[in-house]
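Residue numbers (the working numbering): 103 to 522.
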Amino acid sequence: MSLSTSAARFCQAFRNRDYAIYCAGSSLTVIGLWMQRIAVGWVTWELTESASWLGVIAFAELFPVVILSPLAGTLADRLDRLWIARVAQCLNMVQATALTILTLSGALTIWWLFSLALFTGIVVSFWQPARMAMIPNLVRREDMASAVAINSVIFNAARFVGPAIAGVVIVGYGAGYAFLANAISYLPFIVALWIIQPNINGRKPKHGAGIFAQMVDGYRYALTHPGIGPMLILMLITCIAMRPVFELLPGFAAEIFGRGAEGLSMMATATGIGAVIGGIYLGQRGGMEGLVQLSIVSVGAMIAALLVFSLTSNFWVALIALAVAGGAMVTHGAGSQTLIQAAVDEDMRGRVVALYGMLFRGGPAIGALIMGWVSDWAGLHWPLVAGCAIACLALLWVGGRRTAIRDAMEARRSGNEHEG
Numbered sequence: 103m104s105l106s107t108s109a110a111r112f113c114q115a116f117r118n119r120d121y122a123i124y125c126a127g128s129s130l131t132v133i134g135l136w137m138q139r140i141a142v143g144w145v146t147w148e149l150t151e152s153a154s155w156l157g158v159i160a161f162a163e164l165f166p167v168v169i170l171s172p173l174a175g176t177l178a179d180r181l182d183r184l185w186i187a188r189v190a191q192c193l194n195m196v197q198a199t200a201l202t203i204l205t206l207s208g209a210l211t212i213w214w215l216f217s218l219a220l221f222t223g224i225v226v227s228f229w230q231p232a233r234m235a236m237i238p239n240l241v242r243r244e245d246m247a248s249a250v251a252i253n254s255v256i257f258n259a260a261r262f263v264g265p266a267i268a269g270v271v272i273v274g275y276g277a278g279y280a281f282l283a284n285a286i287s288y289l290p291f292i293v294a295l296w297i298i299q300p301n302i303n304g305r306k307p308k309h310g311a312g313i314f315a316q317m318v319d320g321y322r323y324a325l326t327h328p329g330i331g332p333m334l335i336l337m338l339i340t341c342i343a344m345r346p347v348f349e350l351l352p353g354f355a356a357e358i359f360g361r362g363a364e365g366l367s368m369m370a371t372a373t374g375i376g377a378v379i380g381g382i383y384l385g386q387r388g389g390m391e392g393l394v395q396l397s398i399v400s401v402g403a404m405i406a407a408l409l410v411f412s413l414t415s416n417f418w419v420a421l422i423a424l425a426v427a428g429g430a431m432v433t434h435g436a437g438s439q440t441l442i443q444a445a446v447d448e449d450m451r452g453r454v455v456a457l458y459g460m461l462f463r464g465g466p467a468i469g470a471l472i473m474g475w476v477s478d479w480a481g482l483h484w485p486l487v488a489g490c491a492i493a494c495l496a497l498l499w500v501g502g503r504r505t506a507i508r509d510a511m512e513a514r515r516s517g518n519e520h521e522g
């Protein structure tokens, strides 16, 4: 395949006007988001010097999705997803502004930080399923794999651009200005959300059944699906057992490698570079064939990379391991999302992607809380080693079912391409 063909496949989602506007608006926002994440982690460490508190703050931001995603996913199937997105981004800007004011005034405490992280977690719980369910309404069906990959690349490019900028800002001016940059970055995205007009493809909200009954139907559908169910279970275990390492990087930077905010920025940047490479590779593949196998193999690569990271004391080896882990995390996560988006029925989309989002955010929340607590008395290395061992067992279980998963997801996509 030529380079030009690969690039055309990767970028084909941009031929959809509303999707292009959406991406243009979201690009600055995700850079600001990563600046804030690095600043929150660093401020938490400065205030407490505790791995447990790093886990608690990550838990506060990530765990609300576990409680709220069933309701949020059902609302994404019943209400206007675009309006949910608009309200959520306005509330996120309010939160970033509050962080800015508290930090620059010297009034920020760990409890204020916890409260605002919890507020963000609640908002994102409703934003995430609306966003994920809305993406297929912004592109043609044949462009969806490209759209998911582009979203992943934008998010993960920001994973290294944002921390790199945050490291400079924190060292030179203080964390408050990183929070300010994030607050400002929401403005272009809010404007973009007022411009776009998603095509709902004939979807009409269903109000016949009660909200609780629809929640149960969505979960039953996802977990009994021969392809979606096993992929979600693998996602849950990897998110609990391995992904918390990215929330605990401030502790590794300061305690294991003896580096400050600059070291943390470099580690987050290395992860982001690998993630972008993984996203670009995924986007240029084209089609669904082989995507189940790639997603499963990527988990194995992530296990190997994080074992190296957990056992090395060499900072540069750790950076390479993080880059590999970042690439594997994206090819697994975005690949799984692409398969699920292609296989799910439209009237179940909001609830199923909400469940995906719950596992993607809630798993690291639980894992970070556990790993942070254990790390305070066992060290940062060994909880991650144990997590990799648990993920290896899950990988073997799913690997034994890969043929049935492939038949349920890749074949479904091929059949659907002829619809309409």
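We treat Cβ as the ideally placed atom computed from N, Cα and C, and that holds for glycine.
If you're wondering where the values come from, they're calculated on a predicted model, not measured in any experiment.
Contact between the segment 348-368 and the segment 496-506 is absent: fewer than three C-beta pairs spanning the two stretches fall below 8 Å. Closest option to Val189, judged by alpha-carbon separation, among Arg139, Pro265, Trp479, Ile292: Ile292. Per the Cβ contact rule, the segment 412-432 is not in contact with the segment 136-153 (fewer than 3 Cβ pairs under 8 Å). Between the alpha carbons of His327 and Asp319 lies a gap of roughly 12 Å. Using a Cβ distance threshold of 9 Å, Thr211 and Leu149 count as a contacting pair. Under the criterion of beta carbons closer than 8 Å, Ile330 and Trp144 do not qualify as touching, at roughly 38 Å. The beta carbons of Val167 and Leu215 sit no closer together than 9 Å. The DSSP assignment places complete alpha helix (DSSP H) segments of no fewer than 4 residues inside the segment 272-356 at 277-297, 313-326, 330-343, in order along the chain. Going by beta carbons, Gly459 and Gly175 fall inside the 9 Å limit. Here DSSP, grouped into helix, strand and coil, assigns Phe216 to helix.
Membership of Phe116 in any alpha helix (DSSP H) is not indicated, and neither H nor E is assigned to it by DSSP. Every unbroken stretch of the alpha helix (DSSP H) spanning 4 or more residues and falling wholly within the segment 477-506 is given here in chain order: 483-501.
Where Leu164 is concerned, the enclosing alpha helix (DSSP H) starts and stops at 153-164. Non-local C-beta neighbours of Asp120 in its own chain, meaning closer than 7 Å and more than five positions away in sequence, comprise Leu240, Ile298, Gln299, Pro300, ordered along the chain.
In the DSSP assignment, Leu201 falls within the unbroken alpha helix (DSSP H) covering 183-206. The beta carbon of Val487 sits closer than 8 Å to the beta carbons of Leu409, Ser412, Leu413 from its chain, once the five residues preceding and following it are set aside; these are given in chain order.
Between the segment 464-471 and the segment 398-405 there are fewer than three inter-stretch CB-CB distances shorter than 8 Å, so the stretches are not counted as touching. Residue range 417-445 is occupied by the alpha helix (DSSP H) that includes Phe417.
For Val394, the uninterrupted alpha helix (DSSP H) segment begins and ends at 393-413. Minimum Cα-Cα distance from Ala187 among the listed residues Trp296, Gly435, Val455, Leu170 corresponds to Trp296.
Of the candidates Leu173, Gly360, Gly381, the residue whose Cα lies closest to the Cα of Thr433 is Gly381. Per the Cβ contact rule, the segment 254-268 is in contact with the segment 356-372 (3 or more Cβ pairs under 8 Å). Rounded to whole angstroms, the separation of the alpha carbons of Ser397 and Gln197 is 35 Å. Listed in chain order, the non-local C-beta contacts of Ala283 below 6 Å within the same chain comprise Gly134, Met137, local neighbours out to five positions each way being set aside.
With contacts defined as CB atoms closer than 9 Å, Leu338 and Ser438 fail to qualify as a contacting pair.
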